[in-house]
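Asker:
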């Protein structure tokens, strides 16, 4: 979860809908924006409240993990960011990516009946095809202490299979395709806000233990051998689960157990192929 510099000018506030309490109490909507994360960081520094959600029909410069580009369409994608203020530390706040995945998965199931799996660290997949990606960014004050976190969520709502670029067509899919019916954008945002608010409240009280069991129950590839890119290192390892701080615990080919805080998971190499020849799996909404 990369920290964001604190020198952006304040931005005008888009129209907002206010209801209830907690996450989703304030929902701001814009037709198009360069990046919902970037815009909500600016609004947060201008005083936007905890739980504010910014929704855009489209993004012109959306980004994912490692500053990769992000594909969206005005009618088929949900581009959404949530501002979270927490008493947890900057290190603990990195767990919000995992927590958001749990909440999005629950909201997806509630709204569509689609049962997605969680791919560490920031994706939701169904049958190997990506429906959602998550990108959390921390904003710190002038003293370097955590001010707030913005959690960006990119979800494929109703992009038809032939609406994806060729490179994504076999690796991404929409909820409407999976469920066989349209997905109401506003209803999904409302459901997600309620679900995420409940999980964040539990996390504030109990830390990682509040959601680790649920995350593990829906995590993909646990117990499997995968290729893991950790910085400049490629290793084949067995995924064990979450460590106490939210890192991914792995067992490498030599049997050593260690924790990984960032990286990417790809398919394990076949016996006659070397890991460096395999493409990384980073296709879909956010990557």
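Residue numbers (full-length UniProt numbering): 1 to 287.
Yeah, the Cβ is synthetic: ideal placement off N, Cα and C, and Gly gets one too.
Keep in mind it's a predicted model, so treat the numbers as computed, not measured.
(1) Would you be able to state if there are at least three C-beta pairs under 8 Å between the segment 118-130 and the segment 84-93?
(2) State the start and end residues of the unbroken beta strand (DSSP E) segment that holds residue 175.
(3) Can you give the Cα-Cα distance for residue 260 and residue 197, rounded to whole angstroms?
(4) Tell me the rounded alpha-carbon separation between residue 171 and residue 128.
(5) Per DSSP, which residues does residue 258 bridge with? Please list them.
(6) Put residue 49 into one of helix, strand or coil per three-state DSSP.
(7) Within the continuous beta strand (DSSP E) that includes residue 170, where are the two ends?
(8) Can you tell which of 100, 178, 103 has the C-alpha that lies nearest to the C-alpha of residue 131?
(9) Between the alpha carbons of residue 41 and residue 80, how many angstroms are there, rounded?
(10) Does DSSP put residue 209 in a helix, a strand or coil?
(11) Rounded to whole angstroms, what's the CA-CA distance from residue 53 to residue 74? Just pull it up for me.
(12) With DSSP run on the structure shown, which of helix, strand or coil describes residue 118?
(13) So residue 183 is in the beta strand (DSSP E); what residue range does that whole segment cover?
(14) Residue 216 and residue 208 - do their beta-carbons sit closer together than 8 Å?
(15) Keeping to the same chain, check which residues put their C-beta closer than 6 Å to that of residue 99; ignore five residues upstream and five downstream.
(16) At the level of alpha carbons, what is the spacing between residue 243 and residue 258?
(17) Between 43, 46, 150, 30, which lies nearest to residue 82 when the distance is taken from Cα to Cα?
(18) Roughly how many angstroms separate the alpha carbons of residue 8 and residue 34, rounded to a whole number?
(19) Report all residues from its chain with a CB closer than 8 Å to the CB of residue 165; omit the five preceding and five following residues, and keep chain order.
(20) Please confirm whether residue 51 and residue 23 have their CB atoms less than 8 Å apart.
(21) With a Cβ-Cβ cutoff of 8 Å, do residue 78 and residue 185 count as a contact?
(22) Taking the alpha-carbon of residue 147 as reference, which of 220, 117, 85, 133 has the nearest alpha-carbon?
(23) In three-state DSSP terms, what is residue 224?
Answerer: Quick look at the numbers:
(1) no
(2) Looking at the DSSP string, residue 175 is not in any beta strand (DSSP E); the run it does join, the alpha helix (DSSP H), is 175-179.
(3) 28 Å
(4) 7 Å
(5) 250
(6) coil
(7) Element bounds for residue 170: n/a, residue is neither H nor E.
(8) 178
(9) 13 Å
(10) helix
(11) 18 Å
(12) strand
(13) First-last for residue 183: undefined, no H or E at that position.
(14) no
(15) 199, 203, 211
(16) 9 Å
(17) 150
(18) Reliability of the predicted coordinates at residue 8 is poor, the pLDDT of 44 falling under 50, and the value obtained from them is presented with this limitation in mind. Roughly 14 Å between the two C-alpha positions.
(19) 71
(20) yes
(21) yes
(22) 85
(23) coil
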